[in-house]
Structures are given as C-alpha cells and as structure tokens.
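Visitor: A single structure is presented below for examination.
Residue numbers (the numbering used here): 292 to 483.
Shown next as structure tokens:
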C-alpha cells in the first residue's frame with residue numbers, strides 16, 4: 292500500500308484520518324505539525340516532522356495531503372498546498388467510500404470528499420478543496436480551487452464558486468449563482 296503523510300494535525304486531520312483509513316488506498320506514514328509536537332500521536336499516528344522537513348520527507352514519501360481545516364481564510368491551506376507542490380509531492384484526491392461522486396464529474400488534486408457527501412453529474416471540484424460530511428454539490432456546478440464546502444451545505448445546480456471560498460454548515464446556495472472569490476458564507480445562510 293502507498294504511504295502518505297498528512298500535513299496539519301488539528302481537528303480536520305482527525306476526520307481526514309478516518310476517510311483515508313476507510314478508503315483503504317493509502318497507509319498513513321505520519322503527520323506534519325509544529326516542532327514542539329514531534330513524537331506525539333494523533334489517533335495513533337505519530338507527528339514525524341514540521342513544514343521545514345517537507346523537502347527531506349519528499350525523498351522518502353511520494354504522497355501528501357493538506358489536512359488543515361479552513362474557516363475564515365484559505366491562506367494556510369494554499370500555502371501548504373504550494374509547499375507540497377514545490378517539494379514535488381503527489382497530492383491525490385481522497386474520496387470516502389460512503390460518498391457519491393458521479394462518473395461524469397471531476398475532483399482535483401489534493402481534494403477530499405468526506406463521508407456521505409454527494410457530487411452530481413457534470414460538476415467539477417478544484418484542487419485542494421474540502422467537500423465535507425453530508426455536503427451536496429448538485430449537477431453542473433464548478434467549485435474552484437482552495438474551497439471548503441462545509442457539513443450539510445447544499446450547492447444547487449449550475450452554481451459557480453470561485454477560489455478560496457468557505458461555505459458554512461447547512462448553508463444553501465440557490466441554483467445558477469456565482470459566489471465571488473474568497474467569500475465567507477455563514478452557517479445556515481440562504482443565498483438567493
């Protein structure tokens with residue numbers, strides 16, 4: 292089984308660990324976090340380095356995934372994504388076996404599709420995105436890179452979400468709208 296390192300050891304990392312384990316395509320080699328956390332464990336996986344170690348670790352491991360969450364800003368996820376690219380890691384897409392992704396849709400590099408989420412026909416998910424638990428991305432949607440579609444958010448047909456957006460839990464976006472770059476949509480919002 293291919294080995295992967297996870298970059299960021301907070302709450303989102305724990306959810307990602309569960310999806311990676313369930314998907315069964317990768318064995319988690321360790322977690323990258325702050326230097327003072329070396330040797331500590333997150334759900335049984337050791338912290339094996341910090342951001343400064345990525346270039347060296349890329350000689351031992353081919354695969355990596357950004358496992359820092361995103362709420363107010365996508366800047367940290369973007370920074371880590373670019374660091375991993377610069378270090379020549381392969382950033383795979385990770386998809387929960389309980390998610391549904393239409394064969395007529397696409398999911399970008401370094402993106403994760405969490406448990407029970409749905410991506411319907413002719414939709415595209417950009418690189419380094421989070422499609423969180425129970426989120427719905429309907430037909431003909433375009434989610435650009437570095438976006439987080441939160442738990443139970445509903446993105447109706449034909450919506451375009453530009454780069455760096457956060458769509459909060461239980462938010463609903465009406466069909467055929469465009470959400471501008473770096474927007475922050477609060478939980479339970481109705482955008483029409």
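Cβ coordinates follow ideal geometry from the N, Cα and C atoms, glycine included.
Predicted model only: the values in this text are computed from it and were never measured.
1. Grab the span of the alpha helix (DSSP H) containing residue 373 for me, first residue to last.
2. For residue 267, collect the residues of the same chain with a Cβ closer than 6 Å to its Cβ; drop the 5 residues on either side in sequence, then sort them by chain order.
3. According to the neighbour-count rule (16 or more other Cβ atoms, all chains shown, within 10 Å of its Cβ), is residue 501 buried or exposed?
4. Considering only their Cβ atoms, is the gap separating residue 428 from residue 452 smaller than 7 Å?
5. Could you have a look at residue 439 and say whether DSSP puts it in helix, strand or coil?
6. Could you say which of 396, 416, 392, 400 lies nearest to residue 407 if we only look at CA atoms?
7. Using a Cβ-Cβ cut-off of 6 Å (strictly less than) and excluding sequence neighbours within five positions of residue 432, which residues of its own chain qualify?
Guide: The relevant details are as follows:
1. 366-377
2. There is simply no residue 267 to check, as the chain begins at 292 and stops at 483 in what is shown.
3. It is not possible to answer for residue 501, since the shown part of the chain is limited to 292 through 483.
4. no
5. strand
6. 392
7. 414, 446, 450
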